[in-house]
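Inspection log for the structure reproduced underneath, given as structure tokens.
Residue numbers (my numbering): 2 to 370.
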């Protein structure tokens, strides 16, 4: 029989524990699904999976983002197979039932071809696509499956209140990248919060002394990470064209960056000239996808003169994340070993954020929150 510690480590590879995470963790809170830019215009829709469930995200005729279960109300088939653009209706391929971009049932071909071909009490108004709670924050689309999570404004308040001096409404999406990782989603987040590995895996960031210039951040058991003193590292390297800086920052904020995780699956990097948001999408117990989104201030997000600066920012972070992927896959490759579960406790200095996030996930599973 596995020890309690070994059972805990099984959360990185065991399919049953992954399903438990879907049921009691991802279904019960606000989960980041990625950028709303994938639905740029009214009538655009994409299929996504959250908590193991198929969903549709779309932009309706008024330009609002909506979410629905991707399940036809006739026989339960998937409605949307692939992203689409400019639609007025979504059709289920099985029997042709059609749904408006508001989710309402609009068409049931041949359903009432005779008096006996449909149930007598059938009311189309009761058989639209089932909605899912949706909130959009800085272009990121969050969903709550069970409908019982706190209001989104309350959920995100720990970071928005921390950043009162940053006018986040000035930010717009400027660059995007996608990375595939053959490792459990929790490894990706725990590593992001780990400062101990920086001198070994990311030598471009400096030595151990430089890596230690941080203070821990742990807010309301929802936000974990560090505030890192950057000095001059937020300055562009290059071309004479300089990215705009937030205007109301303190001296300390001008020389620092937040590197945080918003529970359960959002990574954040905020510094004076840009912001990065990463949605971690689990794909089974041993794979995940990282959707990297980079935001810049005002016209910096689109100005052609700053295209090189935007690209440099994104590529610098992609270099860091790709360096991490090798280590994440090393962790996954060894996760099944009983020796992995007998590893030494984490450092309270270098790995405080990692330990806090791991503890938060464990409580969600053990307490059945």
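Even for Gly, the Cβ is constructed at its ideal location relative to N, Cα and C.
In this structure, residue 88 places its C-beta atom within 8 Å of the C-beta atom of residue 46.
Here residue 70 is buried: its Cβ has 16 or more other Cβ atoms, across all protein chains shown, within 10 Å. Around the beta carbon of residue 111, fewer than 16 other beta carbons lie within 10 angstroms, which makes this residue exposed. By the neighbour-count definition (other C-beta atoms within 10 Å, threshold 16), residue 93 is a buried residue.
Taking the CA atoms as reference points, residue 246 sits about 15 Å from residue 277. As DSSP reads the structure, residue 257 sits in a beta bridge with 230. Judged by DSSP in its simplified three-state form, residue 16 adopts helix.
Residue 137 counts as exposed, since fewer than 16 other C-beta atoms from the protein chains shown sit within 10 angstroms of its C-beta. By alpha-carbon distance to residue 190, the top candidate from 269, 18, 308, 341 is 269.
The secondary-structure analysis by DSSP pairs residue 174 across a beta bridge with 296. Between the region 155-171 and the region 319-327, the count of C-beta pairs closer than 8 Å stays below three; the two stretches do not touch. Straight-line spacing of the CA atoms in residue 132 and residue 104 works out to 7 Å. Annotation for residue 331: the continuous alpha helix (DSSP H) segment containing it runs 308-335. Sixteen is the threshold: since fewer than 16 other Cβ atoms of the shown chains lie within 10 Å of the Cβ of residue 90, the residue is exposed.
Residue burial is scored here from C-beta neighbours: residue 181 has fewer than 16 other C-beta atoms within 10 angstroms and is therefore classed as exposed. By alpha-carbon distance to residue 32, the top candidate from 57, 205, 280 is 280. The Cβ-Cβ distance between residue 66 and residue 41 does not fall below 8 Å.
Inter-segment contact for the region 215-233 and the region 257-267 is present: three or more beta-carbon pairs are separated by less than 8 Å. Rounded to the nearest whole angstrom, the C-alpha separation of residue 95 and residue 78 is 7 Å. Among the bridge pairs identified by DSSP, residue 283 is matched with 289.
Between residue 333 and residue 183, the CB-CB gap stays under 8 Å. Residue 76 has its alpha-carbon roughly 48 Å from the corresponding atom of residue 314.
Under a 10 Å Cβ-count criterion, residue 102 is classified as buried, with 16 or more other Cβ atoms of the shown protein chains found around its own Cβ.
Its Cα nearest to that of residue 50, the residue 285 stands out among 285, 361, 251, 177.
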